[in-house]
Structures are given as C-alpha cells and as structure tokens.
Amino acid sequence: MIYENIIQTIGKTPLVHLSKIEKEFNLPFNLYGKVERFNPTGSIKDRAAYSMIEKAIKRNEIDKNTVIVEPTSGNTGIGLAMICAYLDMQCEIYMPSSASKERVKMMQAYGAKVILTDKSLGMKGAEDAAEKRLKEIPNSFMPSQFSNLDNPLAHYETTGREILNDLNNKVDYLVAGFGTGGTISGIAHLFKKENINCKFIGAEPLSSPLLTKGKAGPHLIQGIGANFIPECLDCTILDKIVDISDEDSYKFTSILAKKEGILAGISSGCALKAAIDLKEEYKEKGNVVVIFPDNGERYLSVEGLYE
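Spelled out as structure tokens, the structure:
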C-alpha cells in the first residue's frame, strides 16, 4: 500500500493473540495485545500527538510559525517531534532527566530541542519548566497532553474503534497502564457509547499508588505513574485499579519478548502482569485486551530489564 505521507501510517496497529502466554499461565480467557510499536515512531502516543496538533490547526489556534512546547516523559515528545518535523514546525520538549537516553536522542533526531529537568521533581518539574518557557515565547502552544481532551479523543476515534472491529464488539476486559489517562479514558467512552459490556482495569506503579492510596513516589516504570492525577484520566470509567511492582513490570516485559517475540516497553510488562492476574477473578472464555504502548528498543539501556 502506498501512503502519501508518514502521518497516514499512524494507527491501524495489530491486535495479537498471546497464545503462548495463555498456555504458560493457564489463562481461561483469550488474551490479546494491542501492539502499538507499529506506529511510525514506535508508540501509541503518535495518535494523541497528531490529534492535538491537527485539531489545533483546524481551529486556527496555531500555524506553521507556532513553537510547540510540551512536558513529556518521552513518547509524546517523540510523536510531537516527528509531526512537527513533517509540518516544518519548531518543537521544544521538557522531560525529567530519568528518561532513557534513547528517547532523548530520538526527539533530537527529528529536530526537536530537548530540555532535561530535575528527576526528583518528576513530571511536575518538567511541566513547571515548560509553562515558564511558554510565557517567554510569542506564538507558542502547549498541547498539554495531560489535560487536552483531543488526547483521549484520538483513542475514542481510532484505538477503541480498531479493537471493536477486530473482535466484532466482543471485549470483556481492557487493561492498560496510564500516564495521561488518555488511552484508557478514550477507549472506555467509545465502548460505553457503543454499549459494550467491558470492564476497565487500570495499572499503576506499586511504589506510586496515587489512585489506590493517594500517595505518589519514585518508580521505574517509564511512561506511566505521573505524581498527579491528570485531567485526561476519567477515573469514573475504571472498574478496578491494580498496583504493579517495578520488579514484576520488568519481569513481564522480558516474558513478553522471550515468549511472544514482542519487544515492548516497561509499561507493557506492567499491564501484562495486571491482565494475567485477572485469572483469579475472571474464569470465563471471554476476550481480554491489554495495551502495549511502545517499542522496547528505546529501553535497551535500562539496566536489568531484559536480563
């Protein structure tokens, strides 16, 4: 198939039956992984990044001379950098210094300017630095992935619809970690509109149980577990929130690569562990979908992950 530009390749990612993991863990249900590494920059964030920029352009909020300024843990920044490169727009990304080197280099490869902030301040520190910069630049725009409803709208319009089409509207559980909350919230709102009887399970870091215990803390699961509750996360759609340890997230990220041949990021292992644990409460032969947000190649420098 011929595409007119790289933007057209966003989305339409495969839903993979994880049959080997089903057998390994004696799962009673069908387990499917939505493998988002097939997006052009290797992550699900391409969907939200394009949605936020494209819709702002359509509303005449920005033009090609606008400087895009965004705080991000990495993947949204890479998506924004790619889209801005194609649209000939300037892009500045603010992120905690704890982010993997691969992410930083990818953004720079697309021509974005990357500013690293104090890792002890988490994403809040990156947000504050970006807000300060926004006030200094005329004709600048912050997509604000944590509060911009064009983020979950991307998953309402694309990700959720793709899953329903692939499984003929038969989805019993959907499991995902959450950074901005856009993915699980957008999908959930579509499913509810379509009257899909599906339960939504959110996975967060055990050492930063913000939603289950109201406490935020440092953790090693890059891409999820911001130390504040994002506006894009609609907590009312969550049927259950589970806390997954850094160790289990690493372990199941490695299992996913070695058993199914799917090299994904740490948050994928976190969500996979949460999905497998459903066997303790869900004994039926239904369909469970777990979101694998990104490519594992950008985490190869993370010590102990794939060992």
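Residue 58 in my numbering sits at position 68 of the sequence shown, and the numbers go up by one each step.
We put the CB at the ideal spot given by N, CA and C, even for glycine.
- Boundaries of the alpha helix (DSSP H) harbouring residue 66: 65 to 77, taken from the DSSP string.
- Judged by beta-carbon spacing, residue 166 lies within the 8 Å limit of residue 281, meaning their Cβ atoms are closer than that value.
- In the three-state reduction of the DSSP assignment, residue 186 falls in the coil class.
- When the five nearest sequence neighbours on each side are left out, the beta carbons in the same chain lying within less than 6 Å of the beta carbon of residue 105 are those of 84, in order along the chain.
- For residue 222, the secondary structure class from DSSP, reduced to helix, strand or coil, is coil.
- The segment 24 to 44 and the segment 125 to 143 touch, with three or more beta-carbon pairs separated by less than 8 Å.
- Here residue 28 really is in contact with residue 3; their C-beta atoms are around 5 Å apart, less than 8 Å.
- Per DSSP, residue 31 has no beta bridge partner at all.
- Under the criterion of beta carbons closer than 8 Å, residue 218 and residue 114 qualify as touching, at roughly 6 Å.
- Note that the C-beta distance between residue 194 and residue 177 is not below 8 Å.
- Taking a 10 Å sphere around the C-beta of residue 128, we find fewer than 16 other C-beta atoms and assign the residue as exposed.
- For residue 23, the enclosing beta strand (DSSP E) begins and ends at 20 to 25.
- Between residue 256 and residue 239, the C-beta spacing is below 8 Å.
- Burial check for residue 22: the Cβ neighbour count within 10 Å reaches 16 or more, so the residue is buried.
- Ranking 192, 248 and 77 by CA distance to the CA of residue 264 puts 192 first.
- Assigned with DSSP and collapsed to three states, residue 105 falls in strand.
- The residue among -9, 87, 1 and -8 with its C-alpha nearest the C-alpha of residue 173 is 1.
- Straight-line spacing of the CA atoms in residue 5 and residue 86 works out to 32 Å.
- Beyond the five residues adjoining it in sequence on each side, residue 8 comes within less than 7 Å, by CB distance, of 21, 22, 23 and 250 in the same chain, given in chain order.
- Going by DSSP, residue 245 is part of the alpha helix (DSSP H) stretching over 236 to 250.
- Judged by DSSP secondary structure, residue 264 falls outside any beta strand (DSSP E) and instead within the alpha helix (DSSP H) spanning 256 to 266.
- Inter-residue distance for residue 179 and residue 10 is about 31 Å (C-alpha atoms, whole angstroms).
- DSSP lists 24 as the beta-bridge partner residues of residue 5.
- Shown here for residue 18: same chain residues with a beta carbon closer than 8 Å to its own, the five before and five after excluded, namely 269, 272, 273, 274 and 275 in chain order.
- Going by C-alpha positions, residue 295 is about 43 Å away from residue 49.
- For residue 227, the three-state secondary structure derived from DSSP is helix.
- Judged by DSSP secondary structure, residue 124 falls outside any beta strand (DSSP E) and instead within the alpha helix (DSSP H) spanning 112 to 126.
- Per the DSSP secondary-structure output, residue 85 pairs in a beta bridge with 106.
- With a threshold of 16 other beta carbon atoms within 10 Å, residue 91 falls short and is exposed.
- Residue environment analysis places residue 189 among the buried positions, since at least 16 neighbouring C-beta atoms fall within 10 angstroms of its C-beta.
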